[in-house]
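Residue numbers (full-length UniProt numbering), protein chains in the order written: chain A, 1 to 424; chain B, 1 to 424; chain C, 1 to 424; chain D, 1 to 424. Even for Gly, the Cβ is constructed at its ideal location relative to N, Cα and C.
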């Protein structure tokens, strides 16, 4: 963890400016009839989970260029996640990936408590082969043609649930790469029947207070067809499987030009929106930093979420899922968590009564202007003040750099060498 | 209609060649264990509906360049459709579009009998305003914010059902342009609730032996969101509405790179595939001639349909839906109907037992080679022989050109002048 | 024109708030080392041309839904454009489209002076047939296989230059729909040779102080190939034609996922960026309001333009080109002009020395944060103050609505009826 | 190498069938005025280079699932490539990748002679870091901000030329992953200036009879911008660098919906088409087997190449570049080489005089039908007879499986274990 003095010193540099900006924004919002304190309170209560795998440097199929001081194991990763939470106060939980993060539950719980974190959704892995694994996932996992391979995948998911149960997690996220690379390689229907059958077995092993999240993705690693290729198939899975089966939306897993915010609305309407993997993308599943490419799209997603908040049962899970290939992962995750908060705060500023009125009156220009009014407001002072009041950093990146955390952990975490193929 | 002598004369030019090609193909297929006569019989029984609007020259928002001898009304259109069927023997029915084709049922039935056609699905139009229409569809139809406008759209659909009932049609196809051009213009959820409510009213007016087909489309005419934007939403409509509500798949209405054959498989698996609008596209809803851009994709769709044929209740409707901007529409529709037949014939040649074996064995190379073996076979002799035996033309285009049909109808159908259609 | 009293009254409602917001922003920017007055001065000097055709309601190939009080001719259009400039002070010029706007030069000049406008680039039209035109553009214009048709297109462009010369215009913009709808329809190479030959003829007729702007577009109205399909072909045209031949970039004319700001940079680097058609798009050439879908992309384009401003010879032309299907076109054009200004102002706020430093140091996180710092600043007070000081409206939309301009012109401009435009 | 007896035995199974099919096709083509022997002769002379890296199993950033008997080094790879050539007689040369394939030239030449192969274009690698490499390519290579890193990349390319010179290669292919993952990370213009400067240095080291091929790619591994992102930038490179600098087109490196055959035509027209990387794709740079997803697109590319063959100086290089993740790479490369030949043979069948006539007459329906007539002809008998006559296999896949080559080499090539990250 970072010494509180360093944070305090860094905050001192920005505090007067922040206060001036915050007060000015408060007056501005007051003129718009908005109480800045209420917005700040909601932002303070908002958190997004960090993926344990996100604190390692990512790569592509062509190469991975390691950074210095990379985490060696889940305990190093939890240290890094703790720093993110310490500085941003926006990431109170971590999402584990099994078997990458497998460790005794007591050790995980102890470390999490030490760094001030809890455990979010568990993630299983049936898209890679592990050493000594009897059956290969080369041709699929939950939907494999071979029953023993499917069973192995089911058993692995149940193992994830069991570990998660000890850690206080309440959800299992399943993403599979099953699909095909050639027309004809698989029979679409029989493959999906097998997938559904196996997924129901996993669902049946779920504790009563858990949610099963299934994740769709258009392509990659399969390049002709993917068994859970879009939200339509994901919806069918949730419908066929059970009430606690819901859909996870990864922002980067859709077809070019898809209207993702509309998919969010549809799944919400039918009670099947289970959660998010936030990131950004320009071309494919680029796993770029959230809000770095199209911040307005992120805002439009949060516009749907704020719209749905009136329903007290609406409570999707929020996670980051990114690949940090050229930045310090801690910095990227901090900035991304703040971008998520920013979109949330901007969406909170939208005058929803006015918006509904313009919609009813078919006044598209004023309706869209109403949205934009929320979006174009610079809410940074709200986010920064919320962090500051929670003993985080006004500017997490400068505080982090001032702390020399990376250089310090690099001393005990050996450098990784070799070209290496990217795994994220 | 075209004089049978002209067809016979044209066929005489090709008959010897056809016989040689057909015999050679028969011998080749025999070596593959396939009885050419059985394939020919299935092709002979196959038909695809022609859209009445397809026989007029289409255009874009920039311009329409009329051809000569364009049909003036539905009766001219039925003449043209009759010629298509006469020459190809592949298009026994016509799909009407109301109000464009509105006429007394008795007149329509008489004309259809005269030209040897029956009536396929009825199509309603709530994406344009008609003269003297009380409520405008500028801001939507079945999902409009205004109840009276929705009712007008519902009533129009019921009117289509009533006319169709007199004509022997058994299905209503609903496609709406409802959506929005700006983020915020509509509330996605409330808009879809209104759509569902109105569509259920239409469904309730459906005779017991009718099917309701709803059609999804990613975009155009709405450019930010469309209320039935993809098969996921279309599936929800069919699920919410009733057993006889099914999804219509227009091949050109999907996101870039979408795997359409997989969507076909999913809808089939869950009993919700209602029918097709065949065409081809490179960029958007280009409405190009079927099979002209990506014939293998068309084959892969038919591969799913042949796969599903083992279920005797599986009987989706097949229609062409194209815009012929630079060709004689009769020629394009004839060639397109034959391309549909070609894909069907090629799919029939696939060795399905071998394919299933390769799929079970995870032998993607041989599985895809098995599909390709069907696709790369030149089945033209089968199609041509089927036409010839049914008194159609061996080469419909040359027979049509020999008949000078277009020049003859141009004498009584006045030329259309003016730029038309242009909007920038 | 709108009565200045109405504008003044509307401004009175907002003036105190604006002053407070402007002062607060000035203080904030001062803390960032930026002089708000300098930014405001640059914004005040910035203008974007309005397209004459933009003040009419647009449509799609399916339908056009007219608004009330639509302009009947170029003189009505200039009235509407005058209102846009009067209220926004951001649109000092109009881009004409011939033959739609054809009229005696003296009349056009008199009207323009009356409404306070000048003339920007001239636009020719060889994508539609006009009554009494000898040769049809159905199969192309500048690249048509027939020499007489090409000559007709060349002559029309020269006619546009001649009229523009009398109007004080300094540029001709050529956009053609030439291409094909079927593989094989055209020979790509011979078609492009014809295009180049004809375009050189037009170029040779250009006055010495004029620029020739050619515009690329991926597709529509041609749906398989387009002769000027992308910036690569557009660059070849500019290279082959002459020094004053440059490329026009319409933001909506690119492939899905294309990095448009990079294309802007490349054309700038090689001296071939001639100008812009601003708009926004989600799917294709949607011609939506500028900045309405992806405001960050617009900002990134302006980031390149501000970067290039250091070169005193860099002076691309800026035009809006949109289709207003569901809004009052005057309102959309006002808001869009302000969005262009907004992106420009945000780009001016970027700390370019810091940015260059982060780029040289390979610090992507801080580089992108530096850009975002400009983007997320709410510059509305700067734009509004600039308008106010130039006797425009603080809030052009409310002032426009208060003026009842549309209702007033509707009294003398007859309503347009009929479905229009519909092609399926 | 495979025992000729095995090939002969396998051929015996198919020979009678092949003869019957070939004779029937010959008669059919004779009726179309085409001499089958001439087509066969052209096919026999046609060859496509195999990439050395293609004989290893590929993977994605998520996983790589090794096959059995994977090549351990370039000598094993050359053995595998020799088998591909032995069975297909369509792949006479191999394209090396340095440093992966680095070895003494004399050893490479000896092995190549042993297996009956020559060396095609050399490929450099500056998208991965090698052990003991002083400067990292994490932030670029030829366009890196640091001069020493650029020099290292230049030197590596020169080293590739030197080795290639000893091997009889006549071309260097440069593909770099340089780009950025964040808006602002790089200055597009300065980055491209650095790229051009470094590439000119490589060009200057080129022997007089060599060609420099540069390869564009839309994205991956860089996910926001790529320095050589499309053919427009690639053309600029070739123009700026020199006469022997030309563009390489990888079929999978374009934007969604791009018309690749048109790009081929443009580069050909301006003398800058240098060569191809053949493969197929559905979503991104999927590196799927050539012709497996859209065989008509491949045909349309070959239609351009056959069109251009009339120019005796037109001689682009043809290479496969694929990633074989789920098949035996030898099988995939054999089938892919045959698909390339198939497209070439089909394109040779097109009646070019008739096509040109239909193009001049603006008869799109007959023009496209003329193309399709070539495409839909099943030319397999021509390809198989050409192979058979050259002592290859009539059916390379069955002969290969009969040979048990893979099982045999697996005995001496140890199994690769571990999950491993995919590098291709």
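Taking residue 254 of chain A as the query, report the chain C residues whose CB atoms sit under 8 Å from its CB, ordered along the chain. What residue 254 of chain A touches in chain C: nothing, since even the nearest Cβ is about 12 Å away.
Taking all protein chains shown into account, decide if residue 419 of chain C is buried (16 or more other Cβ within 10 angstroms of its Cβ) or exposed. Reliability fails at residue 419 of chain C, whose pLDDT of 47 lies under 50, so the model's placement of it is uncertain and the value that follows must be treated cautiously. Buried is the label assigned to residue 419 of chain C, since at least 16 other Cβ atoms lie within 10 Å of its Cβ.
According to DSSP, is residue 27 of chain D part of a helix, a strand, or is it coil? Of the three classes helix, strand and coil, the one that applies to residue 27 of chain D here is helix, per DSSP.
Note down, in chain order, each residue of its chain lying with its Cβ closer than 8 Å to the Cβ of residue 9 of chain A, except the 5 sequence neighbours on either side. Same-chain partners within the cutoff: 402.
Quick one: what does DSSP say residue 280 of chain B is sitting in, helix, strand or coil? DSSP, read as helix, strand or coil, puts residue 280 of chain B in strand.
Would you mind stating whether residue 108 of chain D and residue 396 of chain D have Cβ atoms separated by less than 8 Å? No. Outside cutoff.
Counting only runs that start and end within the segment 126-192 of chain B, where is the beta strand (DSSP E) found for 3 or more residues in a row? Inside the segment 126-192 of chain B, DSSP marks whole beta strand (DSSP E) runs of 3 or more residues at positions 171-174, from first to last along the chain.
Chain-ordered chain B contacts of residue 220 of chain C [CB-CB under 9 Å]: Correct list: 60, 61, 62, 283, 284, 286.
Within 8 Å, strictly: CB atoms of residue 238 of chain C and residue 172 of chain C: Contact annotation: residue 238 of chain C and residue 172 of chain C have beta-carbon atoms that are not nearer than 8 Å.
Using a Cβ-Cβ distance cut-off of 8 Å, determine whether residue 423 of chain B contacts chain A. Here the model assigns residue 423 of chain B a pLDDT of 43, short of 50, so the residue's position is not dependable, and the following value carries that caveat. Not one chain A Cβ lies under 8 Å of residue 423 of chain B.
What does a CB cutoff of less than 8 Å around residue 382 of chain B pick up in its chain, not counting 5 residues either side in sequence? Cβ neighbours of residue 382 of chain B beyond the five flanking positions: 22, 25, 36, 39, 40, 43, 345.
Alpha-carbon to alpha-carbon, residue 374 of chain B and residue 46 of chain B: When rounded, the separation of the alpha-carbon atoms in residue 46 of chain B and residue 374 of chain B is 18 Å.
Between residue 318 of chain B and chain D, is there a C-beta pair that is closer than 8 Å? The beta-carbon of residue 318 of chain B is placed no less than 8 Å from the nearest beta-carbon of chain D.
Proximal residues to residue 316 of chain B (C-beta, below 7 Å), its chain only, five neighbours per side dropped: Correct list, in chain order: 273, 274, 275, 276.
For residue 253 of chain D, which three-state DSSP category applies? Here residue 253 of chain D sits in coil by DSSP.
Between residue 355 of chain D and chain B, is any beta-carbon pair separated by less than 8 Å? It does not: the Cβ of residue 355 of chain D has no partner Cβ on chain B nearer than 8 Å.
Taking residue 257 of chain D as the query, report the chain B residues whose CB atoms sit under 7 Å from its CB, ordered along the chain. What residue 257 of chain D touches in chain B: 256, 282, 283.
Given that residue 344 of chain A touches chain B, what residues does it touch there, using C-beta distances under 9 Å? None at all; the shortest Cβ gap to chain B is about 17 Å.
What's the call for residue 421 of chain D, buried or exposed, on a 16-neighbour Cβ count within 10 Å? Residue placement at residue 421 of chain D cannot be trusted, given a pLDDT of 48 that sits under 50; the coordinates are not used to answer.
Between the alpha carbons of residue 265 of chain A and residue 190 of chain B, how many angstroms are there, rounded? When only Cα atoms are considered, residue 265 of chain A and residue 190 of chain B end up about 10 Å apart.
For residue 244 of chain B, which residues from the same chain have a beta carbon less than 7 Å from its beta carbon, with the 5 sequence-adjacent residues on both sides left out? Closer than 7 Å at Cβ, skipping near neighbours: 206, 210, 211, 212.
Sequence-distant residues of its chain with Cβ nearer than 6 Å to residue 267 of chain B (five each side left out): So the list reads 247, 273, once near-sequence residues are dropped.
Taking any Cβ of chain B, which residues in the segment 171-184 of chain A have a Cβ under 8 Å from it, in chain order? Hits within the stretch, in order: 180, 181, 182, 183, 184.
Got a sec, what are the start and stop residues for the alpha helix (DSSP H) residue 215 of chain C sits in? Careful: residue 215 of chain C lies outside any alpha helix (DSSP H), inside the beta strand (DSSP E) at 211-215.
Measure the alpha-carbon distance for residue 361 of chain D versus residue 404 of chain C and round it to whole angstroms. Cα-Cα distance, rounded: 55 Å.
Can you confirm whether residue 326 of chain C, when its beta carbon is compared against all beta carbons of chain A, has any partner nearer than 8 Å? Yes, residue 326 of chain C lies at the interface with chain A (some Cβ there is under 8 Å from its Cβ).
May I ask you to verify whether the segment 290-308 of chain B touches the segment 328-337 of chain D, counting CB pairs closer than 8 Å and requiring at least 3? The segment 290-308 of chain B vs the segment 328-337 of chain D: no contact.
C-alpha distance - residue 424 of chain C paired with residue 133 of chain B, whole-angstrom precision: Here the model assigns residue 424 of chain C a pLDDT of 37, short of 50, so the residue's position is not dependable and the matter cannot be decided.
With a 10 Å radius around its C-beta and 16 neighbouring C-beta atoms as the bar for buried, classify residue 154 of chain D as buried or exposed. Only buried fits residue 154 of chain D, as 16 or more other CB atoms lie within 10 angstroms of its CB.
Cutoff 6 Å; reference residue 111 of chain B; Cβ partners in own chain excluding five residues on either side: For residue 111 of chain B, the CB contacts under 6 Å within the same chain, skipping 5 residues up- and downstream, are 75, 78 in chain order.
Which one of C:298, C:225, C:125 has the shortest CA to CA distance from residue 338 of chain C? Ranked by how close their Cα comes to the Cα of residue 338 of chain C, the residues C:298, C:225, C:125 have C:298 in first place.
With burial defined as no fewer than 16 other Cβ atoms inside 10 Å of the residue's Cβ, what is the status of residue 178 of chain C: buried or exposed? Residue 178 of chain C should be labelled buried.
Where residue 223 of chain B falls, given that 16 or more other Cβ within 10 Å makes a residue buried: Its Cβ being crowded by 16 or more others within 10 Å, residue 223 of chain B is buried.
Going along the segment 223-241 of chain B in order, which residues come within less than 7 Å of chain A, judged by CB to CB distance? Residues passing the 7 Å Cβ filter: 225, 229, 230, 231, 232, 233, 235, 236.
Return the chain-ordered list of same chain residues with a C-beta closer than 6 Å to the C-beta of residue 390 of chain B, the five sequence neighbours on each side being excluded. Counting only Cβ-Cβ distances below 6 Å, and skipping sequence neighbours, we find 89.
Anything in chain A within Cβ reach of residue 269 of chain B, meaning under 7 Å, just list it in chain order. Per Cβ cutoff of 7 Å: 189, 192.
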